[in-house]
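Position 431, counted from 1, in the first sequence is what my numbering calls 433; the numbers after and before it change by one each time, with no gaps. Beta carbons: idealized from backbone N, C-alpha and C, even for Gly. It should be emphasised that the depicted structure is a prediction, and the values quoted were computed from it without experimental measurement.
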Amino acid sequence: MLDIRFIRENSEAVQINAKNKGNDVDITSLLQLDSSRRELQTQIDDLRAKRNDIVAQTKGGRPTDELIAQGKAIKDQLTEIELRFKDIDVDFMTLLKKVPNMALATVPVGSTEDENVVTKTVGEPTKFDFKPRNHADIATERGWIDKERAAKVTGSRFAYIEGDLVKLQMAIVQYVMNTLSDETKIAEIAAGAGLKVSSNPLKPILPPLMIRTDMYDAMDRLEPRDDRYKLEGDDLWLQGSAEHVLGSMHAGEIFDESQLPLRYLGYATSFRREAGTYGKDMEGILRMHQFDKLEMESFTVAQDGHNEHLLFVAIQEYLLAQLGMPYRVLEKCTFDIGKPNACGVDMETWLPGQDKYRETHTADYMTDYQSRRLNTRVRRESGNLELVHTNDATAFALGRIMIAIIENGQTADGQVCIPTVLQPYLAGRTML
RNA sequence: GGAGAGGUCGCAUAGUGGUCUAGUGCGCUACCUUGGAAAGGUAGUAUGUUCUUAGGGGCAUCGCGAGUUCGAAUCUCGCUCUCUCCGCCA
């Protein structure tokens, strides 16, 4: 969430920003609640101060009847005011949590996702001397995915991934883990992008796949709840992205500045109900209730936050380029970046089977919007305590990148060329 | 799942209703002492919020939340986490 002090001092800009994000919140009401709340808080503090005085006077013995009577009077007043405070506080917090993060000035203003701006296109759509097929055809024919049996066991939007496709996924995971946990690689990627950032490698993590309600909410990723799986009988949800469990990992902690930037590479299965997408992307494994993902997450000081975002984008581009995939980069507009974001980039990879670019990556920069509620802070060298900035970004969504590999690497006879960098992880094979 | 013990200031501990604005030790910081250091001494040592021109003050925080009370670290209830034992289990 935003700092209420920032909202007080920049109410107009906050209101405009909320409108630009298609997330209109009544800032005037919020400020009224804020002022009532503070007024009541002052009254409560004064009454408590009086009560503390009375308690102090009883030191060493029993209080007089007079003091007890005074105490009782204060207690009655406090009870009444505290009740009013609580009511207002609930409304205040509800409204405050609805205020979206401020978009950076560089984020294009837009009211639909069509207003995202393509900033870069790398490579050409793959050319074939035959009509390329989509991954669902090829993978079914090759015995790599079985959705019929999955439908029987779990319903739609699930699949059994089988055979060589499993090996391909493991190869990608191994390749990315090795690459991003290598400090010299990170330095190389940063230099290639002209970024002056730390070369701290990413630490591989296998995180828990469930998350408690309070942490999910603090990450500002619980809503819309319709898209989340809730576990019956426990205060737990299935995570929708490793970001959710990686970003909340250091809640309530204070880093030493020397520990930052702290970078993680999580490998986790993500779960999404895909509510409201009936009939959309039903072929193959593009949109599933469950998919495996390699996700990057980082914690930095405020000054390094945006460069960290650019580093993550550079890593995404590097990985896609290493696989030889044609892709394009989109700067997401205010409508599309999401409530906790200050800015966001999507990467779309060319899918010949669909004859279009489809989203395979996203990179989110949250400034201190998440860390404020998570209470994740850093002790600066100056001695100051500050909120950290958080970034998350997809390294690879395994399902989608395998679609891209299958469709871009297909041959006329239904084989698939393995990208060179992955071949060492597949026993040197060149084709699947 | 069952039984029990616990969660106190960075760390370790004391604290079973008012002298706790939480004691002590360690650590850390500054100063004194010293040729320098150690030892010793003195002072300080959290976070949030709010008021204040400043200096500083108020309030809250003893795992979290509710309750009892004039007054709660302390009593009651719920939750949570850790440890020990039993059961189950990859």
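Check the DSSP bridge columns for residue i and list the partner residues they point to.
| i | result |
| --- | --- |
| E388 | V380 |
| S272 | F293 |
| C345 | Y367 |
| D148 | Y162 |
| Y427 | Looking at the DSSP assignment, Y427 forms no beta bridge with any residue, so it has no partner. |
| N393 | S300, Y367 |
| T432 | In DSSP, T432 forms no bridge with anything. |
| R265 | S300 |
Buried or exposed: residue i, going by 16 or more other Cβ atoms within 10 Å of its Cβ?
| i | result |
| --- | --- |
| L170 | buried |
| L204 | buried |
| A193 | exposed |
| N118 | buried |
| V120 | exposed |
| M433 | exposed |
| T271 | exposed |
| F132 | exposed |
| F8 | exposed |
| Y280 | exposed |
| A58 | exposed |
| E150 | exposed |
| M349 | buried |
| N180 | exposed |
| Q372 | buried |
| S200 | buried |
| T362 | buried |
| N386 | exposed |
| L208 | exposed |
| A152 | buried |
Write down the C-beta distance between residue i and residue j rounded to the nearest angstrom, noting that I regard them as a contact closer than 8 Å.
| i | j | result |
| --- | --- | --- |
| L49 | T60 | 17 Å between Cβ atoms; not a contact. |
| E297 | A244 | 4 Å |
| F273 | G249 | With a Cβ gap of about 17 Å, F273 and G249 do not count as contacting. |
| V315 | A397 | 12 Å between Cβ atoms; not a contact. |
| I140 | Q412 | 6 Å |
| R382 | V303 | 7 Å |
| L42 | R86 | 6 Å |
| Y320 | I191 | 5 Å |
Can you give me the start and stop residues for the beta strand (DSSP E) that residue i sits inside?
| i | result |
| --- | --- |
| I213 | 212-214 |
| D228 | Element bounds for D228: n/a, residue is neither H nor E. |
| L400 | Premise fails: L400 lies in the alpha helix (DSSP H), 400-411, not in any beta strand (DSSP E). |
| L240 | 238-240 |
| R330 | 329-333 |
| V315 | Per DSSP, V315 belongs to no beta strand (DSSP E); it is in the alpha helix (DSSP H), 307-325. |
| T123 | 119-124 |
| D93 | Unbroken run through D93 is the alpha helix (DSSP H), 67-100; no beta strand (DSSP E). |
| K205 | 205-207 |
| I256 | 256-258 |
Check each candidate in the options and name the one with the smallest Cα separation from residue i.
| i | options | result |
| --- | --- | --- |
| S37 | K52, M3, D93, N19 | D93 |
| T156 | S260, D237, H291, V120 | H291 |
| P102 | V303, L4, K358 | L4 |
| A189 | D370, H363, I317 | I317 |
| G340 | G411, V331, E225 | E225 |
| L312 | L267, T215, D394 | D394 |
| R53 | D78, Q34, R39 | D78 |
| M221 | A161, C419, L208, R375 | R375 |
| L400 | H391, G430, Y367, L325 | L325 |
Could you give the first and the last residue of the continuous alpha helix (DSSP H) run that contains residue i?
| i | result |
| --- | --- |
| M3 | Looking at the DSSP string, M3 is not in any alpha helix (DSSP H), and its letter there is neither H nor E. |
| I18 | 13-22 |
| D47 | 29-59 |
| I140 | 137-143 |
| I188 | 185-194 |
| A304 | It is not in any alpha helix (DSSP H) - A304 carries neither H nor E in the DSSP assignment. |
| V247 | 244-249 |
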